[in-house]
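J.: Chains as they are written, first to last, in this note's numbering: chain A, 1 to 211; chain B, 1001 to 1211. Using N, Cα and C, we set each Cβ at its ideal position, and we do this for glycine too.
Protein chains: 2
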Amino acid sequence: MRLPKHIGIIPDGNRRWALRNGLDKSEGYDLGLDPGLKLFKACKEIGVNEITYYGFTTDNTKRPKEQRLAFTEACINAVKLLSNEDAELLVLGNTESNMFPKELKPYTTRKKFGKGSIKVNFLVNYGWAWDLEKLALNDGNKVVDKLKSKDISRIDLIIRWGGRRRLSGFLPVQSVYSDFYVIDDYWPDFKEDHVYEALKWYDEQDVTLGG
Amino acid sequence: MRLPKHIGIIPDGNRRWALRNGLDKSEGYDLGLDPGLKLFKACKEIGVNEITYYGFTTDNTKRPKEQRLAFTEACINAVKLLSNEDAELLVLGNTESNMFPKELKPYTTRKKFGKGSIKVNFLVNYGWAWDLEKLALNDGNKVVDKLKSKDISRIDLIIRWGGRRRLSGFLPVQSVYSDFYVIDDYWPDFKEDHVYEALKWYDEQDVTLGG
């Protein structure tokens, strides 16, 4: 089976899950932690080299404060959980804004935990325009070397939970050639089988890199 | 019905259609002209404001010469066909390379035909990295104002024919929030119903712009 080296994860549907289950929207995020860890373990076992999780964006921080605090807390906890695993962790986002949680500052340079067997990137207070704004004017460097997200490689497969068929600002440059797989279930209803279905589908796609 | 203002069109599957019908790959492109015109007419009638067609990319020019000549010819003819309609036409791409057909140079500034009732953008020898390479360093302008494609607005809905679920480098910045609808049929098998299905689906989506 041809495996994607790098998978992007858009873990959407937490708020819709919460509403459907009689909870407040802000109570949905916490339920995303366990899925995130399960997904990490499944990818590691399969032999994926790199995963990028879409934590929250600068756009998301405009939501009601209660939600913002809840998804920020969930991201902090997710990164802490992952730091107990065998991974090389990087948190990427705009640290100059006070929306960036100080608890995650230590992770903004890539850090090895355990044997560092798999790269894990976690986008926190990320914005696509922020990512692009330092692309320099004809200085001889390639566009990708000027990205703020230059430590995140090209993405082969993006899996999005929650049924929406859009990138929502997720790493526009690394996503230019990515195959995009959408799962209708909400993220808190994650099952390993979702990943296996996505990988099976990916294996059937050709790889042309736009050629 | 909530209509997309701007639709991106990825007219894929010409070569696969040709092979399936016992033709050479390069013979498929010509069959894309009629669909392109039908799509234009359908969008105009529905009241869409802007359409962007993915003609060919700098990546595509690495294909065998016979194919390259065939898709270049098809793009030239498509633009000529559209110039007989009621539209404001813009051809966008890297004109500094000799892969850009000189016949299309006159269209690289937006030109009005008829009453200019709908904006039509046609990407010819376009490259995503080329598009981004002039984004300037902190000069106070927004990222989008620095794009080479700055005359092309944010895209609400992208429709791709040919079953592939990827952007293939299509306008990464204008696509950050786009809803993405994939049609399995190859582009030469275009029917107006494809567009109506896509619009019906789009109408059921929410619009959050990443919020």
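(1) Roughly how far, in whole angstroms, is the beta-carbon of T108 of chain A from the beta-carbon of T95 of chain A, given that I think they are within contact range, below 8 Å?
(2) Name the chain A residues that come within less than 8 Å of S1178 of chain B, Cβ to Cβ?
(3) According to a CB-to-CB cut-off of less than 9 Å, which residues of the segment 1050 to 1079 of chain B neighbour chain A?
(4) Just the Cα atoms here: how many angstroms apart are A78 of chain A and V182 of chain A?
(5) Is G1028 of chain B closer than 8 Å to A1018 of chain B when the C-beta atoms are compared?
(6) Quick one: residues in its chain with C-beta nearer than 7 Å to the C-beta of S1083 of chain B, no 5 flanking neighbours on either side, listed in chain order?
(7) May I ask you to list, following chain order, the residues of the segment 170 to 195 of chain A that have a beta carbon less than 9 Å from some beta carbon of chain B?
(8) Who does V1195 of chain B pair with in a DSSP beta bridge?
(9) Compare the Cα-Cα distances from S1100 of chain B to each of B:G1127, B:F1180 and B:V1120 and report the closest residue.
(10) Quick check on L33 of chain A - is its C-beta less than 8 Å from some C-beta in chain B?
(11) For P1011 of chain B, which residues does DSSP report across the bridge?
(12) For the putative contact between G13 of chain A and W161 of chain A, defined by C-beta atoms under 8 Å, what is the C-beta separation to the nearest angstrom?
(13) With a threshold of 8 Å between beta-carbons, can L1092 of chain B be considered close to chain A, or not?
(14) Take G1116 of chain B and list the residues in its own chain whose beta-carbon comes closer than 6 Å to its own, dropping the five residues that flank it on each side.
(15) Can you pull the DSSP bridge partners for V91 of chain A?
(16) Bridge partners for V1207 of chain B per DSSP, in chain order?
(17) In whole angstroms, what separates the C-alpha of K1134 of chain B from that of S97 of chain A?
(18) Tell me whether H1194 of chain B is buried or exposed, calling it buried when 16 or more other Cβ atoms sit within 10 Å of its Cβ.
(19) Could you work out which residue in B:K1038, B:E1045, B:L1092 and B:F1180 is closest to L1081 of chain B when comparing CA atoms only?
T.: Answer, in terms of the structure:
(1) 6 Å
(2) R166 and L167
(3) T1057, T1058, D1059, N1060, K1062 and R1063
(4) 22 Å
(5) yes
(6) L1089 and F1113
(7) F170, P172, V173, S175, V176, Y177, S178, D179, F180, Y181 and V182
(8) None; V1195 of chain B has no bridge partner.
(9) Here residue 1100 of chain B is Phe; the residue named in the question, Ser, does not match the sequence. Of the candidates B:G1127, B:F1180 and B:V1120, the one whose C-alpha sits nearest the C-alpha of F1100 of chain B is B:G1127.
(10) no
(11) B:W1161
(12) 5 Å
(13) no
(14) E1088
(15) A:F122
(16) According to DSSP, which records beta bridges pairwise, V1207 of chain B is partnered with nothing at all.
(17) 26 Å
(18) buried
(19) B:K1038
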